[in-house]
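Participant:
2 protein chains.
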Amino acid sequence: MPNKTMDVTGIGNAIVDVISRTDDAFLADNEIEKGAMNLVDADRSSHIYGRMGPGIEMSGGSAANTIVGLAGFGGVGAFIGKVRDDPFGKVFRHDITAAGVRFDTANSTSGPPTASCLVLVTPDAQRSMNTHLGACVDLGPEDVDEDLIKASKVIYLEGYLWDPPRAKEAFLKAAAIAHASDGLVSLSLSDPFCVGRHRDEFRELVERHVDILFANEDEIISLYETSDFDAALQAVRGHCKTAALTRGAKGSVVLSDGEVHILDAEKADRVVDTTGAGDLYAAGFLHGFTRSEDPARCGRLGGIAAAEIISHFGARPETDLKALAKTVLG
Amino acid sequence: MPNKTMDVTGIGNAIVDVISRTDDAFLADNEIEKGAMNLVDADRSSHIYGRMGPGIEMSGGSAANTIVGLAGFGGVGAFIGKVRDDPFGKVFRHDITAAGVRFDTANSTSGPPTASCLVLVTPDAQRSMNTHLGACVDLGPEDVDEDLIKASKVIYLEGYLWDPPRAKEAFLKAAAIAHASDGLVSLSLSDPFCVGRHRDEFRELVERHVDILFANEDEIISLYETSDFDAALQAVRGHCKTAALTRGAKGSVVLSDGEVHILDAEKADRVVDTTGAGDLYAAGFLHGFTRSEDPARCGRLGGIAAAEIISHFGARPETDLKALAKTVLG
Chain A
1 MPNKTMDVTG IGNAIVDVIS RTDDAFLADN EIEKGAMNLV DADRSSHIYG RMGPGIEMSG
61 GSAANTIVGL AGFGGVGAFI GKVRDDPFGK VFRHDITAAG VRFDTANSTS GPPTASCLVL
121 VTPDAQRSMN THLGACVDLG PEDVDEDLIK ASKVIYLEGY LWDPPRAKEA FLKAAAIAHA
181 SDGLVSLSLS DPFCVGRHRD EFRELVERHV DILFANEDEI ISLYETSDFD AALQAVRGHC
241 KTAALTRGAK GSVVLSDGEV HILDAEKADR VVDTTGAGDL YAAGFLHGFT RSEDPARCGR
301 LGGIAAAEII SHFGARPETD LKALAKTVLG
Chain B
331 MPNKTMDVTG IGNAIVDVIS RTDDAFLADN EIEKGAMNLV DADRSSHIYG RMGPGIEMSG
391 GSAANTIVGL AGFGGVGAFI GKVRDDPFGK VFRHDITAAG VRFDTANSTS GPPTASCLVL
451 VTPDAQRSMN THLGACVDLG PEDVDEDLIK ASKVIYLEGY LWDPPRAKEA FLKAAAIAHA
511 SDGLVSLSLS DPFCVGRHRD EFRELVERHV DILFANEDEI ISLYETSDFD AALQAVRGHC
571 KTAALTRGAK GSVVLSDGEV HILDAEKADR VVDTTGAGDL YAAGFLHGFT RSEDPARCGR
631 LGGIAAAEII SHFGARPETD LKALAKTVLG
């Protein structure tokens with residue numbers, strides 16, 4: 001690892017989650033794609049909110065969850081994302097800062113409100129998300145702090161950034177700066193439907209710009225349009241130096257410099273809400289990676305963080321991750 | 331019970347809670363009275379928020395929690411309280427309405443924001459609250475819907491209503507309407523410090539206006555300035571037709587028409603956060619009471635609701651209370 005002051009800087013959509021329990025009938029009645037991140041406009045968001053049950057508000061956002069998790073492990077992290085100068089923007093900024101993450105991106109002062117995601121959790125612990133991107137559409141390359149990227153060992157980008165119009169320009173600018181300054185670029189594919197929306201661009205990205213790829217089984221199959229996981233695994237080999245592919249209860253597979261490490265899932269006390277499982281896997285993995293741990297240990301750190309996050313509602317850790325890490329790192 | 335369409339109408343402060351874990355050192359450093367409801371102004375609220383850890387936002391408010399619990403048991407409830415036309419006001423209104431509670435009080439459209447309570451939970455599951463009353467100061471007698479009160483078997487009032495300037499006028503108006511229309515008046519003393527602030531008025535209330543009194547051990551001792559619980563118990567006898575006095579892990583004592591019922595605490599799976607324990611005890615008790623259950627059963631319903639609420643963060647139930655009630659009611 002190069003000698004830099006920042007372990008990981010994440011760029012992503014800055015979102016406050018509204019989490020509520022529901023059932024499959026509600027999803028069907030309201031035509032919400034189960035298990036997916038559904039993009040919704042302000043009217044549709046209000047419509048769903050008006051019909052859904054009581055909620056709990058918690059800061060979220062995929063890359064933001066990852067960086068908060070990294071900080072929870074003791075890593076040094078920063079986040080770039082856009083909120084508005086409104087009450088939920090204040091909540092997002094408070095929570096990520098209070099978690100020890102550097103967050104300097106200026107608020108937007110006009111336009112849509114801070115992004116929200118209505119997270120509907122069914123009794124099978126699956127989450128179905130309805131995201132109103134709000135102020136995230138104002139994130140652009142002007143928000144990328146060049147010095148911060150230069151100081152970062154790894155930058156971490158969520159595939160969801162391809163949904164708002166100008167965030168990918170921020171992403172590509174950050175990737176170019178990182179590579180020009182001996183940093184690495186990591187990407188999470190985010191969601192199989194998101195991959196479907198941006199498949200060609202994502203393939204080009206993975207082949208040309210990405211050093212560390214995070215994806216789950218559905219996402220990597222969607223990216224390469226293969227029939228099964230093994231075929232997708234073969235397709236990704238050679239494109240990225242490192243790929244960490246998660247398979248839910250089946251654990252994860254880490255590809256690293258041509259080696260394949262197959263890891264069992266870490267045991268979860270209970271499975272309540274799978275929101276953030278991928279985000280926290282990436283947090284643990286990147287924490288290990290930026291400490292130069294071997295790939296299997298990186299994957300195990302990812303697994304324990306994912307097991308923690310699915311044991312409760314919300315995508316921000318509730319347990320001392322440093323203590324959990326000791327079970328892997330000693 | 332008179333034949334009315336509404337079981338219980340609650341009047342209280344309409345508050346969104348911001349719940350965060352902390353430790354005793356943080357409380358001491360910031361001069362926060364442990365276990366109490368501390369009233370704070372906007373500056374002090376911002377100061378504490380700026381220093382505390384990441385939070386979870388959830389609708390709260392003592393009487394509001396009680397009425398949501400009552401609705402969870404299958405009771406018919408309404409709430410009167412004041413929020414502003416701002417994002418947290420929208421959250422409060424959504425959550426209580428989505429829980430099946432009627433909530434018709436108009437928003438304030440100017441003045442302070444929707445009330446918030448910074449709830450700091452220590453590892454011993456004790457909660458220390460920092461309430462900025464915000465828009466609650468605008469609640470007044472004009473917000474009491476006479477027809478709603480007339481239609482209610484019981485009205486439920488929180489002692490915290492004595493803190494904002496005009497809410498007690500709303501309280502007294504509602505109590506007079508209830509008594510004139512064959513309804514009953516119940517009061518929760520809320521907090522020993524709140525009792526200390528308003529002792530003389532509370533004593534007069536209990537003696538002249540209250541049919542059903544809810545208090546915990548500290549509150550009833552503070553009300554009568556006695557040295558112990560037994561002396562307080564003797565002091566309250568004869569003043570109210572019914573009194574339900576909670577004692578935490580020691581269970582509760584129900585006084586009803588001169589009889590004394592001593593009830594063990596219901597077993598909690600775990601004790602995470604005691605926020606709302608008294609509110610939910612009142613919910614279960616009033617649900618039984620408005621169904622004309624005997625006093626011991628009312629107390630047991632209170633106990634199971636309190637046990638549910640302390641097993642997780644936040645003061646709104648996460649479990650099907652109707653199913654839990656079957657263990658008592660069959």
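Heads up: the protein sequence lines correspond to chains A and B, in order. Under the working numbering, the first residue of the first sequence carries the number 1, and numbering increases by one thereafter. Under the working numbering, the first residue of the second sequence carries the number 331, and numbering increases by one thereafter. Every residue gets a Cβ at the ideal spot worked out from N, C-alpha and C, and that includes glycine.
How big is the Cα-Cα spacing for V83(A) and H132(A)?
Facilitator: Rounded to the nearest angstrom, the two C-alpha atoms are 12 Å apart.
Participant: On a CA-only basis, which of T352(B), D650(B), V590(B), A612(B) is nearest Q456(B)? Give me that one, please.
Facilitator: Measuring from the Cα of Q456(B), the nearest candidate turns out to be T352(B).
Participant: Chain B beta carbons: is any one of them nearer than 9 Å to that of I67(A)?
Facilitator: I67(A) does not count as touching chain B.
Participant: Pull up the distance between the alpha-carbon of G342(B) and that of L543(B), whole angstroms please.
Facilitator: Looking at the two C-alpha atoms, the distance is approximately 15 Å.
Participant: Would R457(B) pass as an interface residue toward chain A - the criterion being a Cβ-Cβ separation below 9 Å?
Facilitator: Not closer than 9 Å to any Cβ of chain A, the Cβ of R457(B) fails to qualify, so no.
Participant: Quick check on this structure: which residue in L535(B), C466(B), T657(B), K571(B) has the alpha carbon closest to the alpha carbon of A436(B)?
Facilitator: Nearest option by C-alpha distance: C466(B).
Participant: Does any residue of chain B have a CB that is nearer than 9 Å to the CB of V91(A)?
Facilitator: Yes, because at least one Cβ of chain B sits closer than 9 Å to the Cβ of V91(A).
Participant: Name the two residues that bound the continuous alpha helix (DSSP H) containing F418(B).
Facilitator: Counting along the chain, the alpha helix (DSSP H) containing F418(B) begins and ends at 417-428.
Participant: For the beta strand (DSSP E) that H591(B) lies in, which residues bound it at each end?
Facilitator: Its beta strand (DSSP E) spans residues 589-593.
Participant: So, using beta-carbon positions, are S482(B) and A366(B) closer together than 9 Å?
Facilitator: Taking 9 Å as the Cβ cut-off, S482(B) and A366(B) do not qualify as a contacting pair.
Participant: Give me whichever residues DSSP pairs with C570(B) in a beta bridge.
Facilitator: Bridge partners of C570(B): R567(B).
Participant: Hey, out of I639(B), I550(B), S392(B), whose CA is closest to R600(B)'s CA?
Facilitator: Among I639(B), I550(B), S392(B), the Cα nearest to that of R600(B) is on I639(B).
Participant: Return the chain-ordered list of same chain residues with a C-beta closer than 8 Å to the C-beta of Y611(B), the five sequence neighbours on each side being excluded.
Facilitator: Excluding residues within five positions, the ones whose Cβ falls inside 8 Å are F544, A574, T576, S582, G632, G633, A635, A636.
Participant: So, with DSSP's three-state summary, where would you put F523(B)?
Facilitator: Of the three classes helix, strand and coil, the one that applies to F523(B) here is helix, per DSSP.
Participant: For I386(B), which residues does DSSP report across the bridge?
Facilitator: Per DSSP, I349(B).
Participant: Against chain B, does P113(A) count as a neighbour if the rule is that its beta carbon must be under 9 Å from one of theirs?
Facilitator: By this cut-off, P113(A) is an interface position.
Participant: Could you check if A562(B) is buried or exposed, using at least 16 other CB atoms within 10 Å of its CB as the buried criterion?
Facilitator: Label assigned to A562(B): buried.
Participant: Is it buried or exposed, F590(B), if we count other Cβ atoms within 10 angstroms and call 16 or more buried?
Facilitator: Sequence check: residue 590(B) is Val here, not Phe. Under this definition V590(B) is an exposed residue.
Participant: Go ahead and pull the three-state DSSP assignment for R84(A).
Facilitator: Three-state DSSP puts R84(A) in a strand.
Participant: When DSSP labels each residue in this structure, what does L184(A) get in the three-state scheme?
Facilitator: DSSP places L184(A) in strand when its eight states are reduced to three.
Participant: Quick one: what does DSSP say H462(B) is sitting in, helix, strand or coil?
Facilitator: H462(B) falls in the strand class under three-state DSSP.
Participant: Taking the beta strand (DSSP E) that G72(A) falls in, what are its first and last residues?
Facilitator: Here G72(A) belongs to no beta strand (DSSP E); instead the alpha helix (DSSP H) covers 62-72.
Participant: Show which residues of chain B have a CB atom less than 8 Å away from the CB atom of I56(A).
Facilitator: By Cβ distance, chain B contributes I386, E387, M388, G644.
Participant: Between Y160(A) and chain B, is there a C-beta pair that is closer than 9 Å?
Facilitator: Not an interface residue.
Participant: Which of helix, strand or coil does DSSP assign to S557(B)?
Facilitator: Reduced to three states, the DSSP call for S557(B) is coil.
Participant: Between the Cα of S375(B) and those of T444(B), G470(B), G402(B), G526(B), spot the shortest distance and give me the residue it belongs to.
Facilitator: The shortest C-alpha separation from S375(B) is found at T444(B).
Participant: Candidates H569(B), P453(B), C524(B), F501(B): which alpha carbon is nearest V602(B)'s?
Facilitator: The residue with the shortest Cα to Cα distance from V602(B) is P453(B).
Participant: Would you call M382(B) buried or exposed, if buried means 16 or more other Cβ atoms sit within 10 Å of its Cβ?
Facilitator: It is buried - the Cβ of M382(B) has at least 16 other Cβ atoms within 10 Å.
Participant: For A178(A), count the other beta carbons within 10 Å of its own beta carbon; 16 or more makes it buried, fewer makes it exposed. Which is it?
Facilitator: The residue is buried, with at least 16 neighbouring Cβ atoms inside 10 Å.
Participant: What does DSSP give as the partner residue(s) for Y486(B) in the beta ladder?
Facilitator: G340(B), S516(B).
Participant: Less than 9 Å between CB atoms is the rule here; does G380(B) satisfy it with respect to chain A?
Facilitator: By this cut-off, G380(B) is an interface position.
Participant: Keeping to the same chain, check which residues put their C-beta closer than 6 Å to that of V210(A); ignore five residues upstream and five downstream.
Facilitator: V185, L187, C240.
Participant: Can you tell which of I349(B), A408(B), T620(B) has its C-alpha closest to the C-alpha of P332(B)?
Facilitator: For the residues I349(B), A408(B), T620(B), the minimum Cα distance to P332(B) belongs to T620(B).
Participant: Kindly indicate which residue of E266(A), S181(A), A315(A), T274(A) has the alpha-carbon position closest to the one of T327(A).
Facilitator: The residue with the shortest Cα to Cα distance from T327(A) is E266(A).
Participant: Can you pull the chain A residues whose beta carbon is under 7 Å from the beta carbon of D416(B), in chain order?
Facilitator: Chain A residues near D416(B): P87.
Participant: For the beta strand (DSSP E) containing S116(A), name the first residue and the last one.
Facilitator: Here the beta strand (DSSP E) through S116(A) covers 115-121.
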